[in-house]
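In my numbering, the protein residues as written are 6 to 717. As structure tokens, the structure follows; a few thoughts come after it.
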Amino acid sequence: MSKILKVLFGDPNKKLLSELGHEVEKINALESGLLALSDEQLKAKTTEFKNRLVAGEVIDDLVHEAFAVVREAGRRTLGQRHFDVQLIGGLVLHRGQIAEMRTGEGKTLTSTLALYTNALRGQGCHLVTVNDYLAKRDAVWMGQIFDFLGLSVGCIQQDGGLMYDRGFTQGEEGQEGDKGSFRVREDYLRPCSRKEAYDADITYGTNNQFGFDYLRDNMAPSLDQCVMRELHYAIVDEIDSILIDEARTPLIISAPAEKSNDLYYRFAQIAATLNEKEDFNIDEKMRASTLTEAGIEKIERTLGIENLYAIDQGIYQRFADTALRARANYQRDVHYVVKDGAVIIVDEFTGRLMQGRRFSEGIHQAIEAKEGVPIQNESRTMATITFQNLFRMYHKLSGMTGTAATEAEEFAKIYNLEVVEIPTNKPITRIDAQDRIYKTETGKFLALAREIKAYQEKGQPVLVGTVSVEKNEILSSLFTKAGIRHEVLNAKNHAREGEIIAQAGRKGAVTIATNMAGRGVDIKLGGNPATKEEEEEVKQLGGLHVIGTERHDARRIDNQLRGRSGRQGDPGYTQFYLSMEDSLMRIFGSDRAKGMMDRLGIPDDQPIEAKLITSSIEKAQVRVEGHHFDARKHLLEYDDVLNKHREIIYARRREVLEAFANEPEKLRDRILDIIEGEVEQIVLFHSSEQTGRPQSSVSPLPEGGLRGEGAG
Numbered sequence: 006m007s008k009i010l011k012v013l014f015g016d017p018n019k020k021l022l023s024e025l026g027h028e029v030e031k032i033n034a035l036e037s038g039l040l041a042l043s044d045e046q047l048k049a050k051t052t053e054f055k056n057r058l059v060a061g062e063v064i065d066d067l068v069h070e071a072f073a074v075v076r077e078a079g080r081r082t083l084g085q086r087h088f089d090v091q092l093i094g095g096l097v098l099h100r101g102q103i104a105e106m107r108t109g110e111g112k113t114l115t116s117t118l119a120l121y122t123n124a125l126r127g128q129g130c131h132l133v134t135v136n137d138y139l140a141k142r143d144a145v146w147m148g149q150i151f152d153f154l155g156l157s158v159g160c161i162q163q164d165g166g167l168m169y170d171r172g173f174t175q176g177e178e179g180q181e182g183d184k185g186s187f188r189v190r191e192d193y194l195r196p197c198s199r200k201e202a203y204d205a206d207i208t209y210g211t212n213n214q215f216g217f218d219y220l221r222d223n224m225a226p227s228l229d230q231c232v233m234r235e236l237h238y239a240i241v242d243e244i245d246s247i248l249i250d251e252a253r254t255p256l257i258i259s260a261p262a263e264k265s266n267d268l269y270y271r272f273a274q275i276a277a278t279l280n281e282k283e284d285f286n287i288d289e290k291m292r293a294s295t296l297t298e299a300g301i302e303k304i305e306r307t308l309g310i311e312n313l314y315a316i317d318q319g320i321y322q323r324f325a326d327t328a329l330r331a332r333a334n335y336q337r338d339v340h341y342v343v344k345d346g347a348v349i350i351v352d353e354f355t356g357r358l359m360q361g362r363r364f365s366e367g368i369h370q371a372i373e374a375k376e377g378v379p380i381q382n383e384s385r386t387m388a389t390i391t392f393q394n395l396f397r398m399y400h401k402l403s404g405m406t407g408t409a410a411t412e413a414e415e416f417a418k419i420y421n422l423e424v425v426e427i428p429t430n431k432p433i434t435r436i437d438a439q440d441r442i443y444k445t446e447t448g449k450f451l452a453l454a455r456e457i458k459a460y461q462e463k464g465q466p467v468l469v470g471t472v473s474v475e476k477n478e479i480l481s482s483l484f485t486k487a488g489i490r491h492e493v494l495n496a497k498n499h500a501r502e503g504e505i506i507a508q509a510g511r512k513g514a515v516t517i518a519t520n521m522a523g524r525g526v527d528i529k530l531g532g533n534p535a536t537k538e539e540e541e542e543v544k545q546l547g548g549l550h551v552i553g554t555e556r557h558d559a560r561r562i563d564n565q566l567r568g569r570s571g572r573q574g575d576p577g578y579t580q581f582y583l584s585m586e587d588s589l590m591r592i593f594g595s596d597r598a599k600g601m602m603d604r605l606g607i608p609d610d611q612p613i614e615a616k617l618i619t620s621s622i623e624k625a626q627v628r629v630e631g632h633h634f635d636a637r638k639h640l641l642e643y644d645d646v647l648n649k650h651r652e653i654i655y656a657r658r659r660e661v662l663e664a665f666a667n668e669p670e671k672l673r674d675r676i677l678d679i680i681e682g683e684v685e686q687i688v689l690f691h692s693s694e695q696t697g698r699p700q701s702s703v704s705p706l707p708e709g710g711l712r713g714e715g716a717g
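Written out as structure tokens, the structure reads:
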């Protein structure tokens, strides 16, 4: 349908890009005039813009001049001049839309244009990243531009706040942190309070930190303990990861409740005795498991009860269900890892450990019992919010990612955000080859080892993407036996991530990585740092060769992996090696294709390249994406009801705190007004007449309202 509409009415993306192209021409026309300014004159532009806004101009009147000033400041501080396509991306962000930009096109630099322009109002802007490392890196890196132009830059980390300060140094020790694709100098980031970091003109931080600080502010006993300002403008980096992938996981602040029940261990032992198909069935599409009649009877015999589902046995039913789900639906080194005697969740989309996060509904305790580690106490929810409702509170929201087009419908319906595909600065020369499909997983892995050994001998760097820690380690063992020198990157050894990624593009390198290497990672040809000769040599060999070993549920994740190759016009090659035993293939029915391969006598390690099968895989991914969209939509519908209550309660709470801080003598009257209003609403609700006259007499409140002993 969309193709037909494009033919009839033209491509709306091209029309918008043409319109934005005229805006870019106006920005470029200002460049020569700014080149002639001294540093002090350029810095003074910020004060001029702020004064013009106070005088009555609107932000859109300044956008061309502001963008031109940021570009010139970037050239003087970083030696980087924004390309025209980055100006287009900045305009898209300023308009409150999503800029889809390819890997290596400079999203971080692009964001400075819209951040500076919107920060001129003095109401604060947030740049939301996916982890603390990126927040710190970008605050140091882009902070140079903002500091040059007279704007303050803050950074929120899990353990506190930081401010960009050119005069701050840490000395010889602790200057660098190695937690990403390259090192971050800790100099220029001065420790500060979270409130000071939020009071900065521009604040970098993660979605989790912004969300938890919002909830904590609304639990604070006084205004002095609140740290955030009103939510004015945010740019969300990797917006599909945060607003799509993580949208099903609400943020929860919890407190310890009752001590964990020893029944978790008892039911973990029972679940271990159950047999699939005989005692329980697994629905992989729905990620669910159910007991059969035989399984129910086995549990009842073990417990010595007559009916597991009797009302008085409700507690047993809950423990049986959670123990079964922990056994059947949650796999070690796929959904979680066990580290230092604790169960830690692995993010299925990024491959990273989710420290501090726990599965809800008793699942985490059931997994702890299954793995024989100490069971943590049950928890009680104190405050919660979904990312959907958190980010919909911003007055203006925009985002950047390399992969948003496949989720354009969801962005439009849920967030009212339009996706704009930004052209690349240089033509893409990467080759995306047809999938190779094998009969069995073993055959696929053997063929993979054979192919990669040849690439290593040739000298071409290879990145192998896996979907889990488990498959990551299986391949590593196979490569070791085959004599292939390689590095392994997964959630278990994330401490070496910077070192591994930095050298993944050097000649002859082979890197096996989970989804950790699929997003926010820039692999430079020849290694990092590389000489020009090393980079050119790797380019001549064909650039980075990316191999995916399995299709993910979402096409975006596959596209993120492909995007590691062919950055900024570099050569590259990507291909997926699949088998009929892969999770997605198995769930969505590959029996016919596998039967055909058996009849034709195709060996396990001999591939077929069939467009029909590749097309059916993509259709399966579309169905899974649709299912996940529905799940997120239903979650939002439930949270919308809760959100109305949350907004009212938080607003009333804020009123009381502000009254106490500013006019404590009027606090009593304000509280009584609130109580009186609530009582009136209750009376009206239970009245039989529109006039509000109750059915039975209600004693009037004593004069002065309700007052406890000692109230002032």
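Quick reminder that beta carbons are idealized off the backbone N, C-alpha and C, glycines included.
For the beta strand (DSSP E) assignment, the uninterrupted runs of no fewer than 3 residues enclosed by the stretch 387 to 426 are, from N- to C-terminal side, 401 to 406 and 424 to 426. Judged by DSSP in its simplified three-state form, I310 adopts coil rather than helix or strand.
Partner residues in the beta bridge of A260, as assigned by DSSP, are R385.
The three-state reading of DSSP puts L42 in coil, since its state is none of H, G, I, E or B. Cβ contact annotation for L47 (same chain, cutoff 7 angstroms, sequence separation greater than five): L39, V74, E77 and A78, in chain order. The straight-line gap separating the alpha-carbon atoms of A119 and Q149 is approximately 16 angstroms. Bridge pairing for L358: V351 [DSSP]. Counting the other Cβ atoms within 10 Å of the Cβ of D587 gives 16 or more, which makes it buried.
In this structure, L546 places its C-beta atom within 8 angstroms of the C-beta atom of Q465. Taking a cut-off of 8 angstroms on C-beta distances, the stretch 617 to 626 does not touch the stretch 648 to 668, as fewer than three cross pairs fall below it. Annotated three-state conformation of V63 is coil, per DSSP. Taking one beta carbon from each stretch, the stretch 215 to 225 and the stretch 244 to 251 have fewer than 3 pairs nearer than 8 angstroms; the two do not touch. The Cβ neighbour count for D317, taken over all protein chains shown within 10 Å, is under 16; the residue is labelled exposed. For the options K476, E681, L395 and R511, the alpha carbon positioned closest to that of D644 is the one of L395. R501 and A104 have their C-alpha atoms spaced approximately 31 angstroms apart. Ranked by how close their Cα comes to the Cα of I679, the residues R657, F690, D352 and P669 have R657 in first place. Here C231 has D222 and A225 as same chain residues with Cβ atoms under 6 angstroms from its own Cβ, once five neighbours each way along the sequence are excluded.
Beta-carbon to beta-carbon, G101 and T115 are separated by about 15 angstroms, too far to satisfy the 8 angstroms threshold.
The beta carbon of R490 lies closer than 8 angstroms to those of Q461, G513 and V515 in the same chain, with the five residues before and after it left out. Across the structure, G166 and I622 are spaced so that their CA atoms are roughly 45 angstroms apart. Contact annotation: the stretch 279 to 294 touches the stretch 317 to 334, with at least three C-beta pairs closer than 8 angstroms. Between D164 and S198, the alpha-carbon positions lie close to 10 angstroms from each other. Taking one beta carbon from each stretch, the stretch 578 to 585 and the stretch 550 to 557 have 3 or more pairs nearer than 8 angstroms; the two touch.
Ranked by Cα distance from F450, the options I505, Y341, H99 and V469 are led by V469.
A374: member of the alpha helix (DSSP H) spanning I368 to E376, first to last residue. Non-local beta-carbon contacts of I433 in its own chain, meaning distances under 8 angstroms to residues more than five positions away in sequence, involve R107, G571 and G574 in chain order. By the Cβ neighbour-count rule, K344 is exposed, with fewer than 16 other Cβ atoms within 10 Å of its own. Out of M590, L236, R441 and L640, the CA that lies nearest to the CA of G129 is found in L236. Between P534 and the set G510, H131, I517 and T519, the nearest pair of CA atoms involves G510. DSSP lists A518 as the beta-bridge partner residues of L494.
Take the alpha-carbon of G155 and the one of R80: they are about 16 angstroms apart. Between the alpha carbons of R171 and D152 lies a gap of roughly 8 angstroms.
Contact between A438 and V424 fails: their C-beta atoms lie close to 27 angstroms from each other, not under 8 angstroms.
Here A202 really is in contact with I161; their C-beta atoms are around 5 angstroms apart, less than 8 angstroms.
Under the three-state reduction of DSSP, K344 is assigned to strand. Its Cα nearest to that of I258, the residue I390 stands out among I390, R306 and F634.
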